[in-house]
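In what follows, a single structure is set out as structure tokens and then discussed.
In our numbering, the protein residues as written are 1 to 178.
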């Protein structure tokens with residue numbers, strides 16, 4: 001039973017984990033190693049992971065593995081080569097680039113949580129937020145896309161933003177203060 005679940009998960013998600021890791025590291029070989037680490041950890045913890053959360057768990061584990069990879073490679077390169085040429089240095093992730101990557105991940109997760117919550121509360125608000133704030137469409141383009149008038153769009157956008165401010169405002173301020 002355990003092996004069957006693992007095989008199904010591996011078949012379904014391994015290529016996506018590799019693709020995500022390769023996009024972050026720039027190396028398919030490194031991405032495959034990260035995928036192996038992620039699925040080994042998944043296998044060890046499978047009983048504790050809810051089936052509905054497998055995909056989310058795998059992606060979170062892969063993101064953490066990429067961050068760990070950058071930390072390790074940065075430290076190893078500093079120890080091995082006291083002096084890097086300019087080209088090597090640009091390939092070495094710095095503490096700033098790791099911090100920037102982590103910051104982007106926090107912001108992305110925060111945005112996903114906001115959109116998920118808004119989608120759960122009001123699907124019309126969600127549509128407006130995605131088109132205006134995520135996809136960057138103008139108010140006119142969004143109104144045309146949703147087949148609503150401009151005043152209706154503005155009212156929905158105002159209400160959606162007001163909801164987000166009330167429910168996520170403090171957390172947003174704390175995230176900005178990091």
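For glycine and all other residues, C-beta sits at the position ideal for the given N, C-alpha and C.
With distances taken from CA atoms, which of the options is nearest residue i?
| i | options | result |
| --- | --- | --- |
| residue 40 | 62, 19 and 50 | 62 |
| residue 60 | 71, 135, 34 and 126 | 34 |
| residue 105 | 64, 114 and 116 | 64 |
| residue 52 | 36, 9 and 112 | 9 |
| residue 111 | 25, 165 and 21 | 165 |
| residue 21 | 113, 68 and 120 | 68 |
| residue 7 | 54, 23 and 19 | 54 |
| residue 171 | 148, 113, 118 and 123 | 113 |
Quick one: using the 10 Å Cβ neighbour count with 16 as the cut-off for buried, is residue i buried or exposed?
| i | result |
| --- | --- |
| residue 173 | exposed |
| residue 48 | exposed |
| residue 31 | buried |
| residue 134 | exposed |
According to DSSP, simplified to helix, strand and coil, what is residue i?
| i | result |
| --- | --- |
| residue 50 | coil |
| residue 135 | coil |
| residue 14 | helix |
| residue 34 | helix |
| residue 98 | helix |
| residue 23 | helix |
| residue 122 | coil |
| residue 149 | coil |
Residues in the same chain with beta-carbon distance under 8 Å from residue i, minus the five sequence neighbours each way, listed in chain order, please.
| i | result |
| --- | --- |
| residue 128 | 142, 146, 153, 156, 157 and 160 |
| residue 130 | 115 |
| residue 14 | 35 and 39 |
| residue 233 | Examination of residue 233 is not possible in this model, given that the chain is present from 1 through 178 alone. |
State the Cα-Cα distance for the pair residue i and residue j, rounded to the nearest angstrom.
| i | j | result |
| --- | --- | --- |
| residue 98 | residue 66 | 10 Å |
| residue 150 | residue 144 | 9 Å |
| residue 42 | residue 138 | 43 Å |
| residue 167 | residue 45 | 33 Å |
| residue 4 | residue 11 | 10 Å |
| residue 58 | residue 163 | 31 Å |
| residue 27 | residue 108 | 23 Å |
| residue 88 | residue 25 | Note that residue 88 scores 41 on pLDDT, short of 50, meaning its location in the model is unreliable; the coordinates nonetheless yield the value given after this. If I take the Cα positions, the gap works out to 15 Å. |
| residue 132 | residue 121 | 18 Å |
| residue 101 | residue 23 | 13 Å |
| residue 123 | residue 140 | 19 Å |
| residue 125 | residue 119 | 7 Å |
| residue 56 | residue 103 | 19 Å |
Which residues in the same chain as residue i place their Cβ atom closer than 7 Å to its Cβ, once the five residues preceding and following it in sequence are excluded?
| i | result |
| --- | --- |
| residue 17 | 35, 38, 58 and 62 |
| residue 71 | 98 |
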